[in-house]
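These notes concern the structure reproduced below.
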Amino acid sequence: MRTYLFAAVMCLLTGAAQAASTEADFKTALAAAVAAEQEAGALKNQWIPTEQALAAAKKAAAAGDFNAAVAQAKEAEALAKASIAQAKEQQTSWKAGVIR
Amino acid sequence: MKIVRAITSVAVTIVIAAFVVAGARPAAAADSIDPDADFKAFRDYFTKRFPNVPLNDFVNGPYSMDAELRKQWEAIDDFPPYDFAIDRGKQMFATPFKNGKSYGDCFADKGIGIRQNYPYFDLQSGEVITLELVLNRCRETNGEEPYSYVKDEMASLTAYMAFTSRGKPFDIKIPNDPRALKAYQKGEEYFYTRRGQLNFSCASCHVQNPGNHIRTEVLAPALGIVAAMPIYRSEWNGMGTMSRRLVTCNSQVRGVPLKPQDELYRDVEYYLSYMSNGLPVSGPGARP
Amino acid sequence: MRGGAARGTALFVAAVLAVVLLAGAPASAQALPGQALAFDRSKGNCLTCHDIKGGDAPGNVGPALADMKTRFPDRKELTAIVFDETKRNPRTVMPPFGRNLILTDGEIEAIVDFLYTR
Numbered sequence: 047m048r049t050y051l052f053a054a055v056m057c058l059l060t061g062a063a064q065a066a067s068t069e070a071d072f073k074t075a076l077a078a079a080v081a082a083e084q085e086a087g088a089l090k091n092q093w094i095p096t097e098q099a100l101a102a103a104k105k106a107a108a109a110g111d112f113n114a115a116v117a118q119a120k121e122a123e124a125l126a127k128a129s130i131a132q133a134k135e136q137q138t139s140w141k142a143g144v145i146r
Numbered sequence: 205m206k207i208v209r210a211i212t213s214v215a216v217t218i219v220i221a222a223f224v225v226a227g228a229r230p231a232a233a234a235d236s237i238d239p240d241a242d243f244k245a246f247r248d249y250f251t252k253r254f255p256n257v258p259l260n261d262f263v264n265g266p267y268s269m270d271a272e273l274r275k276q277w278e279a280i281d282d283f284p285p286y287d288f289a290i291d292r293g294k295q296m297f298a299t300p301f302k303n304g305k306s307y308g309d310c311f312a313d314k315g316i317g318i319r320q321n322y323p324y325f326d327l328q329s330g331e332v333i334t335l336e337l338v339l340n341r342c343r344e345t346n347g348e349e350p351y352s353y354v355k356d357e358m359a360s361l362t363a364y365m366a367f368t369s370r371g372k373p374f375d376i377k378i379p380n381d382p383r384a385l386k387a388y389q390k391g392e393e394y395f396y397t398r399r400g401q402l403n404f405s406c407a408s409c410h411v412q413n414p415g416n417h418i419r420t421e422v423l424a425p426a427l428g429i430v431a432a433m434p435i436y437r438s439e440w441n442g443m444g445t446m447s448r449r450l451v452t453c454n455s456q457v458r459g460v461p462l463k464p465q466d467e468l469y470r471d472v473e474y475y476l477s478y479m480s481n482g483l484p485v486s487g488p489g490a491r492p
Numbered sequence: 010m011r012g013g014a015a016r017g018t019a020l021f022v023a024a025v026l027a028v029v030l031l032a033g034a035p036a037s038a039q040a041l042p043g044q045a046l047a048f049d050r051s052k053g054n055c056l057t058c059h060d061i062k063g064g065d066a067p068g069n070v071g072p073a074l075a076d077m078k079t080r081f082p083d084r085k086e087l088t089a090i091v092f093d094e095t096k097r098n099p100r101t102v103m104p105p106f107g108r109n110l111i112l113t114d115g116e117i118e119a120i121v122d123f124l125y126t127r
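Protein chains in written order, with the numbering used here: chain X, 47 to 146; chain U, 205 to 492; chain D, 10 to 127.
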C-alpha cells in the first residue's frame, strides 16, 4: 500500500509536466502555423501577433527550447485561425455597417 | 426598310449621346452598385450628426469636431509645420530627371492644380490610379528609382501638388464600367470590414465615433478625411503620405499592413475620395 | 501500515499537494493584478475608451465603468462582454478580448475582479 501511494505521488510530481517536445514536434507545429498564416495572407488579413508568435517560435527552436517553440507555434496557429475566421465572417457581415 | 433602319440608327445614336452627355450610369437596380446613392447617404449621415459643422469644414478632421483642439491648431497656423515640405516639393517638382524630362510631363496641365482629380480609374489598364502611383511610375518611366511611398520625398511632392490645388473641389469620377464600379465597391468593402486582432474597421472609428476620444485623441469624421493629405503629424514629428496613413491604421489595429499602393489601398482611397466630392482640397494639412 | 509510516506518507502527500496548488497549474496565477492589466496598453488598454476610477486621460468611446456591482450582478454577463461583446451587440467597437486571443482567460478573470471594485 505504501509503495503504491509513493509511486502515485511520484507520478504526480514528474507527470505534472508534459513529455518534452522534440524538434520533430516543433516542425509539425510550425508547418501548421505557417500554412494557416498563408491562408490568412491570401485573405489579406494577417495579424501582427501571429507574425510575432511565429518569430518567437523560430527563435526558441534555434535556441534548442522546443517546449517553448511548440507552445509559440501553436499560439501562432490559433491566432492565424482566428484571423481567417474573422475574414470569412466579415465577407458577408461587412455590409451591415454601411451607411445607407 | 431603309427608313426603319435610319430611324433605328438615329434612335440608337440619341440614346448613346444621352449617356455620353450625361456621363450617367443607368439607374441602379436593387443590389447593384450605386455610388450616387451611397454618396448622398454618406453626406447626410455626417451633416445630420454634426448640424453645426459647415460642410466644407469636415476636411479639417478632428478640428471640425473639437473646439479646444481647434484653438491649438489655429495657434500654429501662422507657421504651418508643413511649409518646409511644400518648398521642398516645389523644388523637386521643378528639377528635371537625368533624361531631361520632368514630372510635369506625366500630368495634364503640367501637374499644377490637378490633385482634386485623383484617384481616377484607368479604363485601359483597369485599375485605380492614385497621385502617389503616378509620381513613382513617372520616375521609373524616366529612368529614376521610385521613392518609398511612406517617406519624405513622396510626402514633399504630394504636399506641393496638393498645395497647387488648395480650395479646388474634389472631382472624382467613376466611369460607367463594371471594373470601375467593382473597384469602388472593393474600396467600400475594405472601409467597412473589420480587421486586425483588435477587430476594427475604418468605419468603427470614422463613421461610428467621429468626435469621440480614444485616450486624448479626437477621431476624425470619414467625410473629407482624405482632403488634407499629405499631413504633417505632430505625433510623427514629420510628414505622412496617404500610404503611410493607411499602413499605420492597419498596424494600430494589429493587422499586418498591405504593401503601400496595394490594389485594396488604392480602392479605399478611391472610395473615400469619391465620398469627398465637392469638398475642397485642403492639403497639405497639419494634425496633432 | 504502521502509525509512523502512515503519518510520514500523509505529510509527504500534503506537501506535494501544497506545492502543486501553490504553483498554480494555469498560467493565470502569475498574471498581473487586474488593474495593471486593465490599464496596460498592450493588454486590456481599457482607458482608451472607458473612464475608470484610478486611470488618467480616458477616452469616451465607451461608457464610464462605475457602479459595476449594481450594473452587472451576474459576473458571467460581464465576463462575456469582455470576452466577445459582438455576441451581444454586433455593431460594437469593443475588441473581442477572448475570441481574438488578446487576453487569456485568466487575464480576463483578473480584469473582471478589478472592475467589480469600481
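Note that beta-carbon positions come from the ideal geometry of N, C-alpha and C, so glycine has one too.
Computed from a predicted structure; not experimentally measured.
Asked	Found
Beta-carbon contacts of cysteine 409/U that lie in its chain and below 7 Å, excluding the five residues immediately before and after	Leu423
Cβ shell of alanine 36/D (< 6 Å), same chain only, five flanking positions each side left out	No answer about alanine 36/D holds up, because its pLDDT of 44 lies below 50 and its placement is not dependable.
Glycine 117/D, enclosing alpha helix (DSSP H) - first and last residue	Here residue 117/D turns out to be isoleucine, not glycine, going by the sequence shown. Unbroken alpha helix (DSSP H) run through isoleucine 117/D: 114-124.
Own chain, CB closer than 6 Å to serine 450/U, minus 5 neighbours either side, in chain order	Residue identity differs from the one stated: residue 450/U is leucine in this sequence, not serine. Tyr469, listed in sequence order.
7 Å Cβ cut-off: residues of chain X touching asparagine 109/D	Ala128
Closer than 9 Å to chain X by CB, threonine 251/U	no
For methionine 443/U, the residue or residues it bridges with in DSSP	Tyr436/U
Three-state secondary structure assigned by DSSP to lysine 134/X	helix
Cβ pair tyrosine 249/U, proline 488/U closer than 9 Å	no
Span separating the alpha-carbon of lysine 252/U from that of lysine 244/U	12 Å
Unbroken stretches of the alpha helix (DSSP H), 4 residues or longer, contained in the stretch 389-477 of chain U	406-410, 446-456
Residues in the stretch 381-401 of chain U having any Cβ partner in chain X nearer than 8 Å	Glu392, Glu393, Tyr396, Thr397, Arg398, Arg399, Gly400, Gln401
Coil, strand or helix - glutamate 348/U by DSSP	coil
Cβ of glutamine 132/X within 9 Å of any chain D Cβ	yes
Coarse secondary structure for valine 332/U, derived from DSSP in three states	strand
Residues that alanine 119/D contacts on chain U, provided the C-beta gap is smaller than 7 Å	The contacting residues do not exist; alanine 119/D stays about 20 Å from chain U at best.
Test item: CB-CB of threonine 4/D and arginine 458/U under 9 Å	There is no way to answer for residue 4/D, as the model of chain D reaches only from 10 to 127.
Three CB pairs or more closer than 8 Å across the stretch 123-141 of chain X and the stretch 68-87 of chain X	yes
Nearest-angstrom beta carbon gap, phenylalanine 262/U and glycine 428/U [assumed within contact, 8 Å]	4 Å
Residues of its chain near proline 125/D, where Cβ-Cβ distance is below 7 Å and the 5 sequence neighbours each way are ignored	The sequence shown places tyrosine at residue 125/D, rather than the proline named in the question. Answer for tyrosine 125/D: Met77, Lys78, listed in chain order.
DSSP state of arginine 364/U mapped onto helix, strand, coil	A quick correction: the sequence has tyrosine, not arginine, at residue 364/U. Tyrosine 364/U falls in the helix class under three-state DSSP.
Buried or exposed (CB count within 10 angstroms, at least 16 for buried), leucine 402/U	buried
For tyrosine 324/U, the first and last residue of its enclosing beta strand (DSSP E)	324-326
Alpha carbon of glutamate 348/U to alpha carbon of lysine 302/U, nearest angstrom	8 Å
Chain U contact residues for lysine 90/X, given Cβ-Cβ distances below 7 Å	Leu462, Leu468
Simplified DSSP state of leucine 339/U, which is helix, strand or coil	helix
CB contact check: asparagine 413/U to chain D, cutoff 9 Å	yes
Within chain D, the residues that serine 477/U reaches when beta carbons sit closer than 8 Å	Those do not exist, as serine 477/U stays about 24 Å from chain D at its closest Cβ, beyond 8 Å.
Chain-ordered chain D contacts of threonine 420/U [CB-CB under 7 Å]	Ala66
Enclosing alpha helix (DSSP H) for proline 293/U [first to last residue]	One detail in the question is off: residue 293/U reads as glycine in this sequence, not proline. Per DSSP, glycine 293/U belongs to the alpha helix (DSSP H) from 287-298.
Interface flag, valine 91/D vs chain U, CB-CB below 9 Å	no
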